[in-house]
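Colleague: What follows is a single structure, and I will ask about it in a moment.
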Amino acid sequence: MHKATIIRNILIALIISGLFGCSSTHSDNIKGKRLLIIAGDGLNSTYDNNPAANGFMHEAGKTFATQLGKQLEKIGFDSYLFVSTNESTFNEQYQNVINNLLANDGKIDGIAQIAVIHTKNDQRNDIAIHATYFTTESMMENCNFRMSSTCHDVSRISDANKKTYSVIDGKTQRFNETPIGDMVTDMALLIYHAER
1 MHKATIIRNI
11 LIALIISGLF
21 GCSSTHSDNI
31 KGKRLLIIAG
41 DGLNSTYDNN
51 PAANGFMHEA
61 GKTFATQLGK
71 QLEKIGFDSY
81 LFVSTNESTF
91 NEQYQNVINN
101 LLANDGKIDG
111 IAQIAVIHTK
121 NDQRNDIAIH
131 ATYFTTESMM
141 ENCNFRMSST
151 CHDVSRISDA
161 NKKTYSVIDG
171 KTQRFNETPI
181 GDMVTDMALL
191 IYHAER
């Protein structure tokens, strides 16, 4: 055999083996996974007699949650959004949403909880979005849908991942200039990796 032909065949073999070696055998299992995103009154900090500040907190959480849902759908998840408008009935509404989704769709793979929190103490005075992602495996563990009234109890869910995104920096008293899209993408990637 000619020396150039041998070298060419070796190079082709190396390239092909390199391509197969780099290809992932991992199958992406996010298609069809259902995620619930919750936000709104009942999760956020509130202020007495300050509807403008409460409205700001509500809109910040709602905007983040809505954008997160859209980003997760682009990745391949099915997402459902629940934004509470009443702090006093939040727990009951939240439980009803969980029960309805489980009754209609049969499962929820994860829950993203978006809360806008004002922390004010001797060291800090800032507002941040606290995004927490829960898997629902513990919620469904040993659950008999026909016999158990505690199957859908949201208090049984243990948190898996948390992220905090500054809205207003307490030191500078300025708004965070990071685009919300960047923060949402960061959280979406965290959820994606948790569910893969």
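Residue numbers (the UniProt record's numbering): 1 to 196.
Built from N, CA and C at the ideal position, the CB exists for glycine as well.
Give a single yes or no on whether Tyr192 has its beta carbon closer than 7 Å to a heavy atom of the ligand GDP.
Modeller: In terms of ligand content, the structure shown is empty, and the ligand GDP therefore cannot be addressed.
Colleague: Run the CB neighbour count on residue 197, radius 10 Å, all protein chains shown included, and call it buried at 16 or more, exposed below.
Modeller: As shown, the chain starts at 1 and ends at 196. That puts residue 197 outside it, with no answer to give.
Colleague: By a C-beta neighbour count over all protein chains shown, 10 Å radius and 16 as the cutoff for buried, is Gly110 buried or exposed?
Modeller: Sequence index remark: in the sequence shown, residue 110 carries index 110 (1-based). Label assigned to Gly110: buried.
Colleague: State the beta-bridge partners of residue 212 as determined by DSSP.
Modeller: Here the chain has residues from 1 to 196 only, and residue 212 is not among them.
Colleague: According to DSSP, is Tyr133 part of a helix, a strand, or is it coil?
Modeller: Counting from one through the sequence shown, the residue named residue 133 turns up at place 133. Strand at Tyr133.
Colleague: So is Ser84 buried or exposed if we call it buried at 16+ other beta carbons inside 10 Å?
Modeller: Counting from 1 along the sequence shown, the entry for residue 84 is found at position 84. Buried, since its Cβ has 16 or more Cβ neighbours within 10 Å.
Colleague: Give the DSSP-derived three-state secondary structure of Lys31 in the structure shown.
Modeller: In the sequence shown, counting from the first residue as 1, residue 31 sits at position 31. Of the three classes helix, strand and coil, the one that applies to Lys31 here is coil, per DSSP.
Colleague: From this set, Gly55, Asn99 and Leu81, which residue's C-alpha is nearest Glu87's C-alpha?
Modeller: On the sequence shown, position 87 is the one that residue 87 refers to. Measuring from the Cα of Glu87, the nearest candidate turns out to be Gly55.
Colleague: Using the rule of at least 16 other Cβ atoms within 10 Å of the residue's Cβ for burial, across every protein chain shown, is Ser158 buried or exposed?
Modeller: Locating residue 158 in the sequence shown gives position 158, counting from the first residue. Since pLDDT at Ser158 reaches only 49, below the 50 mark, its modelled position is unreliable, and the value read off the structure follows with that caveat. Looking at its Cβ environment, which holds fewer than 16 other Cβ atoms inside 10 Å, Ser158 is exposed.
Colleague: Could you tell me which residues DSSP pairs with Phe82 in its beta bridges?
Modeller: The residue labelled residue 82 in the question sits at position 82 within the sequence shown. BP columns for Phe82 point to Ile38.
Colleague: Might you give, ordered along the chain, the residues of its own chain that have their beta carbon closer than 6 Å to the beta carbon of Asp186, omitting 5 neighbours on each side?
Modeller: Here residue 186 corresponds to residue number 186 of the sequence shown, with the count starting at 1. Excluding positions up to five away in sequence, the list is empty.
Colleague: Going by DSSP, what residues sit across from Asp169 in a beta bridge?
Modeller: In the sequence shown, residue 169 corresponds to position 169, counting from 1. Beta-bridge pairing links Asp169 to Arg174.
Colleague: Pull up the distance between the alpha-carbon of Thr164 and that of Phe90, whole angstroms please.
Modeller: Within the sequence shown, numbered from 1, the residue matching residue 164 stands at position 164. Within the sequence shown, numbered from 1, the residue matching residue 90 stands at position 90. Looking at the two C-alpha atoms, the distance is approximately 22 Å.
Colleague: Do you know offhand how far Ser148's Cα is from Ile108's?
Modeller: In the sequence shown, counting from the first residue as 1, residue 148 sits at position 148. In the sequence shown, counting from the first residue as 1, residue 108 sits at position 108. A caution first: Ser148 carries a pLDDT of 45, below 50, which makes its placement in the model unreliable, though a value can still be read off. Going from the Cα of Ser148 to the Cα of Ile108 covers about 17 Å.
Colleague: DSSP three-state label for Asp126, please.
Modeller: In the sequence shown, residue 126 corresponds to position 126, counting from 1. Asp126 falls in the strand class under three-state DSSP.
Colleague: For the alpha helix (DSSP H) that contains residue 259, what are its first and last residues?
Modeller: The displayed coordinates of the chain run from 1 to 196. Any statement about residue 259 would go beyond what the structure contains.
Colleague: Starting from Gly110, follow the beta strand (DSSP E) in both directions and report where the run begins and ends.
Modeller: Locating residue 110 in the sequence shown gives position 110, counting from the first residue. Run containing Gly110: Gly110 to Lys120, per the beta strand (DSSP E) assignment.
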